[in-house]
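Trainee:
Protein chains: 2
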Amino acid sequence: MSTPTTRRVSAEQQAREADLVETVVASFDHAPDERYREVMQSLVRHLHAFIRDVRLTEAEWQRAVEFLTAVGRITDDRRQEFVLLSDVLGASMQTVAVNNEASANATEATVFGPFFVRDAPLIEQGGDIAGDGAGEPCWVEGTVTDTTGRPVAGARLEVWEADEDGFYDVQYGDDRVAGRAHLYSGPDGSYRFWGLTPTPYPIPDDGPVGSLLAAAGRSPYRASHLHFMVTAPGCRTLVTHIFVRGDELLDRDSVFGVKESLILDFARHEASERTPDDRDLGGRTWSSTRFDIVLAPAAV
Amino acid sequence: MSTPTTRRVSAEQQAREADLVETVVASFDHAPDERYREVMQSLVRHLHAFIRDVRLTEAEWQRAVEFLTAVGRITDDRRQEFVLLSDVLGASMQTVAVNNEASANATEATVFGPFFVRDAPLIEQGGDIAGDGAGEPCWVEGTVTDTTGRPVAGARLEVWEADEDGFYDVQYGDDRVAGRAHLYSGPDGSYRFWGLTPTPYPIPDDGPVGSLLAAAGRSPYRASHLHFMVTAPGCRTLVTHIFVRGDELLDRDSVFGVKESLILDFARHEASERTPDDRDLGGRTWSSTRFDIVLAPAAV
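Top to bottom, those sequences are chains A and B.
Just so it is clear: in the first sequence, position 160 is 160 by the working numbering, and no numbers are missing.
Just so it is clear: in the second sequence, position 84 is 84 by the working numbering, and no numbers are missing.
So this is what it looks like as structure tokens:
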């Protein structure tokens, strides 16, 4: 990662800078917690390597301080701009990657996001998660199995998504519960529910992270998706999304959450077409998809 | 910087993680400002290398978010915890190093710190910067020359320091002006003033940066010092400190500001000893030091 700039720096100067790195690293030598020491010493090395590689100017350092100060100022109980920052730098997704190594044919993980809520309503198989959320109905069905193909009965599936206006229920500031629920897989591992056809939406972009995206020439939009968190005894918890094949945002998701294996076909259905559970949708078009979930074994 | 952990990661997994890095880097490819692109792409590479090297856990990522949120919460117009964080990670000092390469025999730079104030009082040669600040009088004298040894007349010297209780005037929350002033070098480049014998003090350690230092087993104390900022036409601005030889904190300054060349002998004087300018110190002991300043030429 050395740049042409770096190579013009004299050997004496490079040695002086390297000495400083070692001094700072050594200042963590006596941290009582071994893991804290390891993490902080690596952080120091990478932070200093960054400053040296780009030959960070004092004015740029000042701007970085001002940027982080602005991120802190806009963050409160309802908005977490540091998480957004981590998301748009791909740090959240890289952390997911590091902690969810591919395990045989197990379903891949992606970012958790800030919109999960505990204690979402329980629905029966075939129930509707939409609540008061507006949007086109979407039938989702599939199975939960382990990596050997055995059905996982009684797996808990948490599902949540934005409405057709691109907002999660918690973003409205009232107490509505919509577009979220939990259900359990049946004895054969199967599950099915009515959700909403996922639509794209922008992450909050009126703060410093929005300015970062603008300076980068990047869109704040996320590819359309529906969140899953699946837990079952003996299995690794799976946090993931499903994405919609054909969505034009798949290759520029603002938080880098898309994985090829998570892009599904969503079939389009006319209002006149019979639904899987004979439900009357009041003359609306609908969509459907199949998501077969494979859970990795829990870490030994 | 690879760890044993890293080496256990499969080649496929490593490739997947490396692909994500390239995807995030590429998301900045179209940033209109070339320098912004360079800085952000390097930041992304180093940030991801850190996450991968330490195999950052999701719980650790969460703690990092909470830590930065706390840094943001305590930061206001009077307290800049992000600067403190940069300081204790050596990032401030590395930025100083990168921007102030050694130039022949020129005096070395160190951190600016958060306590400089514009428009500090003007004093005459031999004047007193202490104001109402309490502490032992310290006579400081020297010359300002360029790197060829020619005197620099009319150089502006800003000097500032903490009082004997370890506080700068601006930390008291009243409107006092103490322990700071500016003066000009004479026709022969010489300068002299009365200050206070520098004393050690802790950086503010009741916030998240204090917790970081505690977890690292590090002291919040700064080695005793007196700040200088010296400006003159045709010369590179020098921001530096002088340190006191024998101070036991020299090898563990909390912000890594100490450089060997900036450690000076401070002579100790009995109350009965005659002062350089025959000033009556009211029966107090005093100290004295000599700091000859060499300014690098301004960048061409």
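Glycine included, every Cβ here is placed at the ideal spot set by N, Cα and C.
1. In the structure shown, what three-state DSSP assignment does arginine 176/B receive?
2. At 8 Å on the CB atoms, spell out the chain B contacts of valine 65/A, in chain order.
3. Would you mind stating whether proline 198/A and glutamate 158/A have Cβ atoms separated by less than 9 Å?
4. Hey, is proline 32/A's beta-carbon within less than 9 Å of any beta-carbon in chain B?
5. If we require 4 or more residues per run, which alpha helix (DSSP H) segments fall completely within the stretch 78 to 150 of chain A?
6. So, alanine 328/B versus arginine 290/B, is the Cβ gap smaller than 9 Å?
7. Check whether the Cβ atoms of tyrosine 79/A and glycine 257/A lie closer than 9 Å to each other.
8. How about glutamate 158/A: is its C-beta nearer than 9 Å to some C-beta of chain B?
9. Tell me the DSSP secondary structure of histidine 225/A in three-state form.
10. Taking the alpha-carbon positions, what's the glycine 133/A to arginine 279/A distance?
11. Using a Cβ cut-off of 7 Å, pull out every chain A residue sitting near aspartate 53/B, in sequence order please.
12. Provide the residue span of the beta strand (DSSP E) that contains glutamate 158/A, from first to last.
13. Which residues in chain A have a C-beta closer than 8 Å to the C-beta of phenylalanine 116/B? List them in chain order.
14. Check whether the Cβ atoms of alanine 178/B and glycine 126/B sit closer than 9 Å, and answer yes or no.
15. Please classify tyrosine 172/A as buried or exposed, where buried requires at least 16 neighbouring CB atoms within 10 angstroms.
16. How is histidine 30/A classed by DSSP in three states: helix, strand or coil?
17. How long is the line joining the alpha carbons of leucine 238/A and tryptophan 61/B, rounded to whole angstroms?
18. State the Cα-Cα distance for the pair aspartate 77/A and valine 255/A, rounded to the nearest angstrom.
19. Count the CB pairs spanning the stretch 139 to 147 of chain A and the stretch 93 to 103 of chain B that are closer than 8 Å, and state whether there are at least three.
20. Cutting at 8 Å between CB atoms, please list the residues of its own chain near threonine 3/B, excluding the five before and the five after it.
21. Could you give the DSSP three-state label for phenylalanine 291/B: helix, strand or coil?
22. Please list the terminal residues of the continuous alpha helix (DSSP H) segment that includes alanine 216/B.
23. How about serine 10/A: is its C-beta nearer than 9 Å to some C-beta of chain B?
24. Looking at the secondary structure, which residues open and close the beta strand (DSSP E) in which phenylalanine 193/A lies?
25. Candidates Arg45/B, Ala59/B, Glu22/B and Glu101/B: which alpha carbon is nearest proline 297/B's?
26. Measure the CB-CB distance between arginine 274/B and isoleucine 263/B and report whether it falls below 9 Å.
27. Alpha carbon to alpha carbon, how far is histidine 30/B from leucine 213/A? Give it in angstroms, no decimals.
28. Are any of the Cβ atoms in chain A nearer than 9 Å to that of alanine 91/B?
29. Buried or exposed for arginine 8/B, please, with buried defined as at least 16 other CB atoms from any protein chain shown within 10 angstroms of its CB.
30. Roughly how many whole angstroms lie between the Cα atoms of phenylalanine 112/A and glycine 195/A?
31. Find the residues of chain A that neighbour glutamine 14/B, judging by a C-beta separation of less than 8 Å, and give them in chain order.
32. Can you give me, in chain order, the residues of the stretch 15 to 27 of chain A that have a beta carbon less than 8 Å from any beta carbon in chain B?
Mentor: Straight from the coordinates:
1. coil
2. Gln80, Phe82, Val83 and Ser86
3. no
4. yes
5. 81 to 88 and 91 to 99
6. Chain B is shown from 1 up to 300; residue 328/B falls before or after that span and cannot be answered.
7. A small correction: the amino acid at residue 79/A is arginine; tyrosine does not occupy that position in the sequence shown. No, the pair does not count as a contact, with Cβ atoms beyond the cut-off.
8. no
9. strand
10. 18 Å
11. Ser42
12. 156 to 160
13. Under the 8 Å cutoff, chain A gives no residues; its nearest Cβ is about 13 Å from phenylalanine 116/B.
14. no
15. exposed
16. coil
17. 18 Å
18. 21 Å
19. no
20. Since pLDDT at threonine 3/B reaches only 48, below the 50 mark, its modelled position is unreliable, and the value read off the structure follows with that caveat. Contacts found: Asp53, Val54 and Arg55.
21. coil
22. 208 to 216
23. yes
24. 190 to 196
25. Glu101/B
26. no
27. 11 Å
28. yes
29. exposed
30. 19 Å
31. What glutamine 14/B touches in chain A: nothing, since even the nearest Cβ is about 10 Å away.
32. Arg16, Glu17, Leu20, Val21, Thr23, Val24 and Ser27
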